[in-house]
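Taken in order, the sequence shown gives residues 1 to 287; the numbers are from full-length UniProt numbering. What follows is one structure encoded as structure tokens, with my remarks underneath.
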Amino acid sequence: MAPVGIYRRCQEPQNMAGGMGAGTAGYGALLSGGGRPVLALYAVHAVSFLLWAVLLATVIGKYAEMSRELEKLRTDQALLRANGSDMTKQLQILRSNQSGLQGTGGALTQKLENLEADLKTTRQEVATEKAQMENSQTMLRKETYRILAGLRNINASACAVCPPNWLLYAGACYFFATTPQHWSFGRSKCQAQGAHLVIINDSDEQSFLAQKIKGKEYWIGLHDTGEEGKFTWVDDSSATYTNWDFGEPNNQGLGEDCVMMLSHGRWNDAACAGKVEGWICEKEWSC
């Protein structure tokens, strides 16, 4: 019995050695066959880490860009606030200037109204004085005619007021010649009688002559033979009163330098060498 037990105890270390060899072989087999999933897991973790790193870098970049844009917006906002402050100041200045201009405009308006009122008053005064002067002139003219008529009646035997066939008006004598001739001929005839071609000084004298022409045309003493467009009377005085027909003077044909009174009383420039129905002489009345 003893030997057999001793034999078994001798065999057990060998069996154990064999078992350990078998276990070592199994672990190597595990490492050689079952280690691939672990490497794959490591690779997945590495890729995930890389993706997280890229994502983090992208987020950091975006954050930096947004920070720069925000800073730029803050700068622009500050500039806009500064500009808004300047514009507010300018608006206040403009409002102040507007108030000043409104005040000045009000003062000017008041001055203008005062001037208009003064002008209206002056015009009324001038119109009143003019009416009074015209009334006085009319009364004086009537009184003069009355005196002249009395003198003519008193001195009829010794002094004629005007020569025969001459008409008396306002202290002057007028003769209406009815022979068709040119302007220079009529002027010479008037001078031969101690007179001159008629010089018309105002609308009253014009009205008197227009009533006497009886639908005929007559030369008068106005001309521009010295300087074209500068009309003067035969005594070289300027024409302070005129009664031109519509559209006259027109110097038609560049040769109308003498003036005639048309049949309706208005004036027309005509060629001096042309002939009209007559001429009007004038001379001062004397006894």
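Glycine included, each C-beta is placed from N, C-alpha and C at the ideal position. Only a predicted model underlies this, so the values are computations on that prediction, with no experimental measurement involved.
1. Return the Cβ separation of R141 and A170 in integer angstroms, given the expectation that the two are a contact with Cβ distance under 8 Å.
2. Need the endpoints of the alpha helix (DSSP H) that G186 sits in, please.
3. How big is the Cα-Cα spacing for Q181 and T138?
4. Give me the Cα-Cα distance between G106 and L79, rounded to the nearest whole angstrom.
5. Does the distance from the C-beta atom of D269 to that of V276 stay below 7 Å?
6. In terms of DSSP beta bridges, what is A177 paired with?
7. Under 8 Å, with one C-beta from each stretch per pair, do the stretch 178-195 and the stretch 243-251 reach the 3-pair mark?
8. Determine the DSSP secondary structure at H196, reduced to helix, strand or coil.
9. For A270, name the three-state secondary structure that DSSP assigns.
10. Taking the alpha carbon of E227 as the point to measure from, which residue in H45, G274 and G255 has its own alpha carbon closest?
11. Where do the ends of the alpha helix (DSSP H) carrying L209 lie?
12. Relative to the C-alpha of C281, which candidate in K111, D76 and C162 has its C-alpha closest?
13. Quick check on DSSP: helix, strand or coil for T88?
14. Ignore the nearest five residues each way along the sequence and tell me which others in A271's own chain have a CB closer than 8 Å to its CB.
15. Going along the chain, which residues of its own chain have a beta-carbon closer than 8 Å to the beta-carbon of H196, five neighbours each way excluded?
16. Mapping DSSP to helix, strand and coil, what is W52?
17. Look at the Cβ atom of A177, then the Cβ atom of W279, and state whether they are nearer than 7 Å.
18. Roughly how many angstroms lie between the CA atoms of N97 and K130, to the nearest whole one?
19. In three-state terms, what does DSSP make of E125?
20. Report all residues from its chain with a CB closer than 7 Å to the CB of N201; omit the five preceding and five following residues, and keep chain order.
21. Drop a sphere of 10 angstroms on the beta-carbon of V44, count the other beta-carbons inside from all chains shown, and report buried for 16 or more, exposed for fewer.
22. Hey, how far is the Cα of L56 from the Cα of S85?
23. Assuming K216 and S263 form a contact by the criterion Cβ under 8 Å, report the distance between their Cβ atoms to the nearest whole angstrom.
By the coordinates alone:
1. Working through the sequence shown from its first residue, we reach residue 141 at position 141. Working through the sequence shown from its first residue, we reach residue 170 at position 170. Correct: roughly 7 Å between the Cβ atoms.
2. For this step, residue 186 is matched to residue 186 along the sequence shown. Where G186 is concerned, the enclosing alpha helix (DSSP H) stretches over W183 to A192.
3. In the sequence shown, counting from the first residue as 1, residue 181 sits at position 181. In the sequence shown, counting from the first residue as 1, residue 138 sits at position 138. Whole-angstrom Cα-Cα distance: 36 Å.
4. Counting from 1 along the sequence shown, the entry for residue 106 is found at position 106. Counting from 1 along the sequence shown, the entry for residue 79 is found at position 79. Cα to Cα, G106 sits roughly 40 Å from L79.
5. Translated into the one-based positions of the sequence shown, residue 269 becomes position 269. Translated into the one-based positions of the sequence shown, residue 276 becomes position 276. Result no, Cβ atoms of D269 and V276 do not sit closer than 7 Å.
6. For the purposes of this step, residue 177 is identified with residue 177 of the sequence shown, where counting begins at 1. Answer is W279, bridged to A177.
7. Here the stretch 178-195 does not lie against the stretch 243-251, with fewer than 3 beta-carbon pairs under 8 Å apart.
8. Counted from its first residue, the sequence shown places residue 196 at position 196. If DSSP states are grouped into helix, strand and coil, H196 belongs with the strands.
9. One-based indexing of the sequence shown puts residue 270 at position 270. A270 falls in the strand class under three-state DSSP.
10. Translated into the one-based positions of the sequence shown, residue 227 becomes position 227. The shortest Cα separation from E227 among H45, G274 and G255 belongs to G255.
11. Here the question's residue 209 lines up with position 209 in the sequence shown. Counting along the chain, the unbroken alpha helix (DSSP H) around L209 starts and ends at S203 to K212.
12. As a working mapping, residue 281 is identified with position 281 in the sequence shown. Among K111, D76 and C162, the Cα nearest to that of C281 belongs to C162.
13. Position 88 of the sequence shown holds residue 88. Residue state for T88 is assigned as helix, using DSSP reduced to three classes.
14. The count along the sequence shown starts at 1 and reaches residue 271 at position 271. Around A271: G253, G255, E256, D257 and C258.
15. Numbered from its first residue, the sequence shown carries residue 196 at position 196. Excluding positions up to five away in sequence, the list reads R187, C190, G221, V234, D235, C281, E282 and K283.
16. What you label residue 52 is simply residue 52 of the sequence shown in a count that begins at 1. When secondary structure is reduced to three states using DSSP, W52 falls in the helix class.
17. The sequence position of residue 177 within the sequence shown is 177, counting from 1. The sequence position of residue 279 within the sequence shown is 279, counting from 1. The answer is yes: Cβ separation under 7 Å.
18. Stepping through the sequence shown from its first residue, residue 97 is reached at position 97. Stepping through the sequence shown from its first residue, residue 130 is reached at position 130. If I take the Cα positions, the gap works out to 48 Å.
19. Taking the sequence shown and counting its residues from 1, the one referred to as residue 125 is at position 125. Looking at E125 - three-state DSSP - the assignment turns out to be helix.
20. Counting from 1 along the sequence shown, the entry for residue 201 is found at position 201. Its chain contains Y241 as the residues whose beta carbon lies nearer than 7 Å to that of N201, once the 5 sequence neighbours on both sides are disregarded; these appear in chain order.
21. In the sequence shown, the residue the question calls residue 44 occupies position 44. It is exposed - the Cβ of V44 has fewer than 16 other Cβ atoms within 10 Å.
22. Here the question's residue 56 lines up with position 56 in the sequence shown. Here the question's residue 85 lines up with position 85 in the sequence shown. If I take the Cα positions, the gap works out to 43 Å.
23. Working through the sequence shown from its first residue, we reach residue 216 at position 216. Working through the sequence shown from its first residue, we reach residue 263 at position 263. Right, their Cβ atoms sit about 6 Å apart.
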